[in-house]
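Respectively, the protein sequence lines represent chains A and V. When we follow our numbering, the leftmost residue of the first sequence carries the number 7, and every step to the right adds one. When we follow our numbering, the leftmost residue of the second sequence carries the number 419, and every step to the right adds one. Backbone N, C-alpha and C fix where the C-beta goes; we use that ideal spot for every residue, glycine too. Scroll down for the structure; my scribbles are underneath it.
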Amino acid sequence: MDLLAHLPALQVIIPMLSAPLVVLLQPRGLAWAGATAAALVTFAIACALTIAVLDGQTLGYEMGGWPAPYGIVLTLDAFSCIMLLIVSGASSVALLAAKPSVDQQIENDRQPLFYAAWLLALSGLAGIVVAGDAFNIFVFMEISSLASYILIAGGPDRRALPAVFKYLIMGTIGATFYLIGVGLIYMMTGTLNLADMQARIGDVTDINPILVAAGFITIGLALKAAVFPLHVWVPNAYTHAPHMVTVFLAACATKVSLYVLIRFDYMIFQTKLVGHDMQFALFLMPMAILGILIASAVAIFEGHLKRLLASSSIAQIGYILMGASFLSVAGLSASGAHLFNHALAKGGLFLAVACLAYQYRDLRLSQLGGASARMPWTCGAMVVCGLSLVGVPGTAGFISKWLLISAALQSGPWGWALVAVILVSSLMAVVYVWRIVEALYFRAPVATDTSYSEAPWQLLLFTGLIALLNIYFGIFPQVPVELANKAAVLLVESTK
Amino acid sequence: MKLLELLGYFNYWVFAIVLTVGLYAVISKANLIKKLIGLSIFQSAVFLMYITMDKVEGGTAPIIQAGVEDQVFSNPLPQVLILTAIVVGVSTLALGLAMVVRIKESYGTIEENEILDAD
Chain A
7 MDLLAHLPAL QVIIPMLSAP LVVLLQPRGL AWAGATAAAL VTFAIACALT
57 IAVLDGQTLG YEMGGWPAPY GIVLTLDAFS CIMLLIVSGA SSVALLAAKP
107 SVDQQIENDR QPLFYAAWLL ALSGLAGIVV AGDAFNIFVF MEISSLASYI
157 LIAGGPDRRA LPAVFKYLIM GTIGATFYLI GVGLIYMMTG TLNLADMQAR
207 IGDVTDINPI LVAAGFITIG LALKAAVFPL HVWVPNAYTH APHMVTVFLA
257 ACATKVSLYV LIRFDYMIFQ TKLVGHDMQF ALFLMPMAIL GILIASAVAI
307 FEGHLKRLLA SSSIAQIGYI LMGASFLSVA GLSASGAHLF NHALAKGGLF
357 LAVACLAYQY RDLRLSQLGG ASARMPWTCG AMVVCGLSLV GVPGTAGFIS
407 KWLLISAALQ SGPWGWALVA VILVSSLMAV VYVWRIVEAL YFRAPVATDT
457 SYSEAPWQLL LFTGLIALLN IYFGIFPQVP VELANKAAVL LVESTK
Chain V
419 MKLLELLGYF NYWVFAIVLT VGLYAVISKA NLIKKLIGLS IFQSAVFLMY
469 ITMDKVEGGT APIIQAGVED QVFSNPLPQV LILTAIVVGV STLALGLAMV
519 VRIKESYGTI EENEILDAD
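Have a look at this one:
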């Protein structure tokens, strides 16, 4: 048995088993090093798996050697690989950069526990991505959610506590809805394995329970993914979380739920139901459009830097959902590429926020005047990532917006209206990114104290790296676009 | 006949009612502990749904015995699933209560509106 065959399982097991070990590493430097090593190994595995998948394989793994519909299986295709790269990449970069920021925000004796929770969140998110059956997705979802509640509440800001409580309530309702949906499908098809479910769902004669299940699963996952009207937990949770946790969660946590949502809608529900022509993607389209426009408008009027970026995240979720709701290969590739590119842009922006927060306690835009003179590198990185968020040519964000616009044009007579939505919201993005730039570069310093200097090199180095990657993937977008394209072809084929 | 059919779904009616009661408590109560109680009721309803669907009339525990054939078994899988879900529910509740303790420590109250006023 070669090692490659076991990689899909190791992906989940390594961070999970490292978590209790990290708790034992009491000197805080060691705990950080242990957690970072585990995350880097996970990232290396994700890269190895991606290379294997790019060759055209779909990898599977049977837990304990039990064959597919009976045992628990892990499956990995191009779509899972995009998410795996995002999850493990975001976690590795955030952990590599995290030490100074975490040292500042979290007490020494609690740091090993903090890193352990981080690894559990990573393990849960990776588990959701590779899980091949519906119930394991639920279990991994709860592992990652419980760990991320702990992470968000771990900081010094007491406002994080009510925010986490809200997240916990809404997250649990979402997960329970998903569980009800899975139960109803199990009742009708007798299987939990996703591939098996896909094959059997066409044979179900009474589709009403399946429709109810589709409703529960769509709403439950939309809650977890912060799809527009169900996003209310996001702004506070992101704003008051420790800064590095925001980097990690904003880059991948909601996207993983969105990934499960897209997978379910395409593989299980989309066109499998005989005698039912409502497409679930079309139900998601209005939510996507409203989310894009309203969340962008909210971001324009937001006065707090982190909250502004959190609102923008909700709009970006809308873009991804919009691409998925075109029901075409072009639309889904745009979604896949935007999953990747938005993780890069928003991850970079929140890293730059963490750099700023190292020197500035108050992150309201009005308090950040003149930051560019004191922290030129941080502000430079923030501008580059901001441009990528807007979608300026030459940055990663441009690629996915371009793909999205061309998919919208192919999508039928209403394509022009959708292009207008995308353009208007991009203009709004220009406005809110400009507000950040204005505060950093053109406003007079508020405080008379001029002792502020750049953030520690560790934070700065990885912020710069992500900013450069935003440009790199804007000029050489082949890898994410090819992955996204492969994923889209797979998903669209599975509806046939 | 119609009535009997409805009564035949007795467990599912209870499931739906308990689910809604739990959800209502989560939404309407301002006290954080009451919200968590509501959340627990909400989750318990789902346990009932899973346990109901595995029951086969006249079915027993799925243990193969020598000499006994044509035995009807209840499906053990939903019970296994729901054991896992109960564990998840307990951990969520424990974490939620821990959050309430910390909220009480730093805000001095567990009423939602007073917490909102405090910041």
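So A159/A contacts chain V; which residues on that side make the cut at Cβ distance below 8 Å? Along the first sequence, read from residue 1 onward, the residue named residue 159/A stands at position 153. Simply M517, R520.
Measure the C-alpha to C-alpha separation of K407/A and G397/A and round it to an integer number of angstroms. Your numbering for residue 407/A matches position 401 in the first sequence. Your numbering for residue 397/A matches position 391 in the first sequence. Near 6 Å, if we compare the C-alpha coordinates of G397/A and K407/A.
So with CB distances below 7 Å, who are the chain A contacts of T502/V? Stepping through the second sequence from its first residue, residue 502/V is reached at position 84. For T502/V, the chain A residues whose Cβ falls inside 7 Å of its Cβ are V145, in order along the chain.
Which residues of the segment 449–462 of chain V have a Cβ closer than 7 Å to any Cβ of chain A? Give them in chain order. L450, K453, L457, F460, Q461
Quick check on DSSP: helix, strand or coil for E529/V? Against the second sequence, residue 529/V aligns to sequence position 111. Correct three-state label for E529/V: strand.
Residue range of the alpha helix (DSSP H) that Y76/A falls in? Taking the first sequence and counting its residues from 1, one reaches residue 76/A at position 70. Where Y76/A is concerned, there is no enclosing alpha helix (DSSP H), given that its DSSP letter is neither H nor E.
Any Cβ of chain A within less than 7 Å of the Cβ of L425/V? By one-based count along the second sequence, residue 425/V stands at place 7. Taking Cβ atoms only, chain A never reaches closer than 7 Å to L425/V, which makes this a no.
List, in order along the chain, the chain V residues whose C-beta lies closer than 8 Å to that of F141/A? What you label residue 141/A is simply residue 135 of the first sequence in a count that begins at 1. Within 8 Å Cβ-Cβ: L499, T502.
When you compare the CB of G187/A with every CB in chain V, is at least one pair closer than 7 Å? Residue 187/A sits at position 181 when you count from the first residue of the first sequence. No, G187/A lies away from the interface with chain V (no Cβ there is under 7 Å from its Cβ).
For the segment 421–429 of chain A against the segment 337–352 of chain A, do three or more pairs of beta-carbon atoms, one drawn from each stretch, fall closer than 8 Å, so that the two count as touching? no
Go through its chain and collect everything with a Cβ distance to A358/A's Cβ below 7 Å, but skip five positions before and after it. For this step, residue 358/A is matched to residue 352 along the first sequence. Answer for A358/A: T384, A387, M388, C391, T469, listed in chain order.
Using only alpha-carbon positions, find the residue among A301/A, S394/A, L415/A, S431/A that is nearest to L475/A. Position 469 of the first sequence, counting from 1, holds the residue named residue 475/A. In this structure, S394/A is the residue among A301/A, S394/A, L415/A, S431/A with its C-alpha nearest to the C-alpha of L475/A.
So which residues of chain V does Y447/A contact, with C-beta pairs closer than 9 Å? Your numbering for residue 447/A matches position 441 in the first sequence. The contacting residues do not exist; Y447/A stays about 31 Å from chain V at best.
Where the segment 187–219 of chain A meets chain V: residues whose CB sits under 9 Å from a CB there: V188, G189, L190, Y192, M193, G196, L198
Endpoints, beta strand (DSSP E) assigned at E68/A: Stepping through the first sequence from its first residue, residue 68/A is reached at position 62. Unbroken beta strand (DSSP E) run through E68/A: 65–68.
With A461/A as the anchor, note down where its alpha helix (DSSP H) starts and where it stops. The residue you call residue 461/A lines up with position 455 of the first sequence. First-last for A461/A: undefined, no H or E at that position.
Just mark F356/A as buried or exposed, buried being the case when its beta carbon has 16 or more other beta carbons within 10 Å. Residue 356/A sits at position 350 when you count from the first residue of the first sequence. Around the beta carbon of F356/A, 16 or more other beta carbons lie within 10 angstroms, which makes this residue buried.
Below 9 Å on C-beta distance, what does S492/V contact in chain B? Although the question refers to chain B, the structure presented lacks it and instead comprises the protein chains A and V.
With contact counted as at least three CB pairs below 8 Å, one residue from each stretch, are the segment 207–222 of chain A and the segment 121–131 of chain A in contact? no
Going by beta carbon distance, what residues of the same chain come within less than 7 Å of V439/V, once the five residues before and after it are set aside? Residue 439/V sits at position 21 when you count from the first residue of the second sequence. Here the set comprises I459.
Excluding the five sequence neighbours on either side, which residues of its own chain have a C-beta within less than 7 Å of the C-beta of V59/A, listed in chain order? Within the first sequence, residue 59/A is the residue found at index 53, counting from 1. The residues are L65, L82, D83, A84, C87.
Assuming K105/A and A181/A make a contact with CB atoms under 8 Å, what is their CB distance in whole Å? Numbered from its first residue, the first sequence carries residue 105/A at position 99. Numbered from its first residue, the first sequence carries residue 181/A at position 175. So it is not a contact: roughly 32 Å between Cβ atoms.
Spell out whether any CB of chain A is found under 7 Å from the CB atom of T510/V. On the second sequence, position 92 is the one that residue 510/V refers to. With 7 Å as the cut-off, T510/V counts as an interface residue toward chain A.
Can you tell me where the alpha helix (DSSP H) holding I323/A begins and where it ends? Looking up residue 323/A in the first sequence gives position 317. It spans 311–330 - the alpha helix (DSSP H) in which I323/A sits, taken as one unbroken run.
Between which two residues does the alpha helix (DSSP H) holding A158/A run? Numbered from its first residue, the first sequence carries residue 158/A at position 152. The amino acid occupying residue 158/A in the given sequence is Ile; Ala does not appear at that position. That run of the alpha helix (DSSP H) goes 140–159.
Which word fits L415/A, buried or exposed, when buried means at least 16 other C-beta atoms lie within 10 angstroms of its C-beta? Here the question's residue 415/A lines up with position 409 in the first sequence. The residue in question, L415/A, is exposed, as its Cβ has fewer than 16 Cβ neighbours within 10 Å.
P21/A and S150/A - do their beta-carbons sit closer together than 7 Å? Position 144 of the first sequence, counting from 1, holds the residue named residue 150/A. Position 15 of the first sequence, counting from 1, holds the residue named residue 21/A. In this structure, P21/A does not lie closer than 7 Å to S150/A by Cβ.
Along the chain, where does the alpha helix (DSSP H) that runs through G342/A open and close? Walking along the first sequence from the start, residue 342/A turns up at place 336. Start and end: 335–365.
Do L362/A and G309/A have their C-beta atoms within less than 7 Å of each other? Here residue 362/A is taken as the residue at index 356 of the first sequence, counted from 1. Here residue 309/A is taken as the residue at index 303 of the first sequence, counted from 1. The criterion of a C-beta distance shorter than 7 Å is not satisfied by L362/A and G309/A.
Buried or exposed (CB count within 10 angstroms, at least 16 for buried), T510/V: Along the second sequence, one-based indexing puts residue 510/V at 92. Looking at its Cβ environment, which holds 16 or more other Cβ atoms inside 10 Å, T510/V is buried.
Where does A199/A fall in DSSP's three states? Residue numbering aside, residue 199/A sits at position 193 when the first sequence is read from its first letter. As written in the sequence, residue 199/A is Asn, which differs from the Ala given in the question. Looking at N199/A - three-state DSSP - the assignment turns out to be strand.
Nearest-angstrom Cα separation, counted from L422/V out to L505/A: This structure gives no information on residue 505/A, because the portion of chain A shown stretches from 7 to 502.
Kindly say whether I528/V, judged by its beta-carbon, lies nearer than 7 Å to any beta-carbon of chain A. Locating residue 528/V in the second sequence gives position 110, counting from the first residue. Cβ-Cβ to chain A under 7 Å: no for I528/V.
So, helix, strand or coil for F491/V, using DSSP? The residue you call residue 491/V lines up with position 73 of the second sequence. Three-state result, F491/V: strand.
Considering only their Cβ atoms, is the gap separating I320/A from A5/A smaller than 7 Å? Residue 5/A falls outside the range modelled here, since chain A spans only 7 to 502, and no answer is possible.
T197/A versus P162/A - alpha carbon distance: If you number the first sequence from 1, residue 197/A lands on position 191. If you number the first sequence from 1, residue 162/A lands on position 156. When rounded, the distance between both Cα atoms is 45 Å.
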